[in-house]
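Those protein sequence lines, which keep their order, are chains A and B. For the first sequence, position 150 matches number 150 in this note's numbering, and the numbering has no gaps at all. For the second sequence, position 83 matches number 1083 in this note's numbering, and the numbering has no gaps at all.
2 protein chains.
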Amino acid sequence: MDTQSTVREQLLDHAITLMMLRGYNGFSYRDLSELVGVKTSSIHYYFPSKDDLVLEAVKQYSEEVVRALQSIDPALPANEKLSLYTRFFGKTLGDGNQICLCGMLAADIETLPETVREAVQAFFRTNEAWLAKVLAQGVEEGTLVAKGKPESAARTLFAALQGSVIASRLFHTKSRLEDVEAMWRVAA
Amino acid sequence: MDTQSTVREQLLDHAITLMMLRGYNGFSYRDLSELVGVKTSSIHYYFPSKDDLVLEAVKQYSEEVVRALQSIDPALPANEKLSLYTRFFGKTLGDGNQICLCGMLAADIETLPETVREAVQAFFRTNEAWLAKVLAQGVEEGTLVAKGKPESAARTLFAALQGSVIASRLFHTKSRLEDVEAMWRVAA
DNA sequence: GTCTATACGTTGATAGAC
DNA sequence: GTCTATCAACGTATAGAC
């Protein structure tokens, strides 16, 4: 509830939402100010510069995703794990035409400081490592297919998911994400 | 040569380059003004609004890519066609850390007018249709692998390429694009 | 912590002289 | 076609009162 969360939390949440929609250069302290109901000068109290704000946003977003990954039962078959992952990857799409924060910031990366690049890289590596494990498990079980090393396949899969969530929004459809998942599943 | 091209051509070329680097909201008429050597008011003579400029940029970029696709010898085996495609897809990466203009604009799409969305969609469809044909050919020849319908596989492949070029820039490496290509090649 | 006030460059855009 | 001049709005950011 907004009435329970602190101003700082609201600012961070709305900043994340806005960036997932319009990107780093597509939102302003004023937008945030109007959404949360504080003056822009108050935002600077919590986040001295916009760079500070993005960095905190990436950190919080990454933690949320890690928690989501940990919430997936390790005992599940790999194809079901991938299914859950794909679903929550595309969840924000239906909510408000949003894409993955770190996919968006990767597009904006040349306008961002090095600290943000490193945080976004860390996010990519975490997700790719998790997917690599799932792919390895799936190959062993016979529920997923993955050519070559699991690490390479995972990088390609993650890139396909990032690209698909962008294309899904572009075309106002969700099916493109499902196309990706189907490509790594064992044919029925 | 810059000395041969018209001011309009220079403006469009630099606008494309800048957007491939920083995105739509990451460059200004002033940037363009300094690069080309005319005042910002002169840019408005050619492109009344920034929206006009993006739309023209997408159209020119799309034409260039179509020409590149047509320059690929239809007689080539499918795996070699894909290799050429992957190479020119990642070419701008080495030049100046640029990603595909339409991949970038797809990320910025929620801040752009509907006309641009349609132009970017058209670009996606053109590329996916071309890839679908190549995949179909490759499956028949036995040089490429593609699960399911060629159209679905092509959408996934294109998304993977778009995602990979973004990730490649993020990590300052080109190998991620090659990972993608390898995934669709028949194992040696 | 939050506000008012303010600084100051940037932005896209227009009017009109040449 | 290109310029000068100008615009109002917006951008991030700071100082200081409360």
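Yeah, the Cβ is synthetic: ideal placement off N, Cα and C, and Gly gets one too.
Asked: Which residues DSSP lists as bridging residue 144 of chain A, in chain order; Found: A:185
Asked: Simplified DSSP state of residue 1102 of chain B, which is helix, strand or coil; Found: helix
Asked: Nonlocal neighbours in the same chain, by C-beta distance under 8 angstroms from residue 158 of chain A, ignoring five residues either side; Found: 124, 127, 128 and 131
Asked: Own chain, CB closer than 8 angstroms to residue 30 of chain A, minus 5 neighbours either side, in chain order; Found: 40
Asked: Contacts that residue 1043 of chain B makes with chain A (C-beta to C-beta distance below 9 angstroms); Found: Chain A residues near residue 1043 of chain B: none, gap ~19 angstroms exceeds 9 angstroms.
Asked: Own chain partners of residue 1001 of chain B with C-beta closer than 8 angstroms, once the 5 adjacent residues on each side are dropped; Found: Residue placement at residue 1001 of chain B is flagged as unreliable, the pLDDT there being 46, under the threshold of 50; a coordinate-derived value is accordingly withheld.
Asked: Where the region 97 to 121 of chain A meets chain B: residues whose CB sits under 8 angstroms from a CB there; Found: 97, 99, 103, 104, 106, 107, 108, 109, 110, 111, 117, 120 and 121
Asked: Minimum C-alpha distance to residue 88 of chain A - residue among A:75, A:105, A:65 and A:109; Found: A:65
Asked: Simplified DSSP state of residue 1021 of chain B, which is helix, strand or coil; Found: helix
Asked: Any 3 or more C-beta pairs closer than 8 angstroms across the region 1084 to 1103 of chain B and the region 1002 to 1014 of chain B; Found: no
Asked: Neighbour flag for residue 944 of chain B against chain A, beta carbons, 8 angstroms; Found: The structure shown does not extend to residue 944 of chain B, since chain B spans only 1001 to 1188, so no value can be given for it.
Asked: 6 angstroms CB neighbourhood of residue 146 of chain A in its chain, flanking five on each side removed; Found: 135, 139 and 153
Asked: Within 8 angstroms, strictly: CB atoms of residue 144 of chain A and residue 79 of chain A; Found: yes
Asked: Outcome for residue 1187 of chain B when other beta-carbon atoms lying within 10 angstroms are tallied against a minimum of 16; Found: exposed
Asked: Contact check, residue 1022 of chain B vs residue 111 of chain A, beta carbons under 8 angstroms; Found: yes
Asked: 8 angstroms Cβ cutoff, residue 975 of chain B in contact with chain A; Found: As shown, chain B starts at 1001 and ends at 1188. That puts residue 975 of chain B outside it, with no answer to give.
Asked: Residues of the region 14 to 40 of chain A with Cβ closer than 7 angstroms to any Cβ of chain B, in chain order; Found: 21, 22, 23, 25 and 26
Asked: Of the residues B:1174, B:1137, B:1167 and B:1163, the one placed nearest residue 1185 of chain B, counting alpha carbons only; Found: B:1137
Asked: Proximal residues, the region 1138 to 1153 of chain B versus chain A, C-beta separation under 7 angstroms; Found: 1147, 1148, 1152 and 1153
Asked: Residue 1156 of chain B vs residue 165 of chain A beta-carbon contact at 8 angstroms; Found: no
Asked: DSSP-derived helix/strand/coil call for residue 1092 of chain B; Found: helix
Asked: Secondary structure of residue 73 of chain A, DSSP reduced to three states; Found: coil
Asked: Within-8 angstroms CB hit, residue 1180 of chain B to chain A; Found: yes
Asked: Own chain residues within Cβ distance below 7 angstroms of residue 1035 of chain B, not counting five before or after; Found: 1014
Asked: Straight-line Cα distance separating residue 182 of chain A from residue 107 of chain A; Found: 26 angstroms
Asked: Rounded C-alpha distance that separates residue 58 of chain A from residue 149 of chain A; Found: 29 angstroms
Asked: Expected contact under 8 angstroms - CB spacing of residue 116 of chain A and residue 54 of chain A to nearest Å; Found: 5 angstroms
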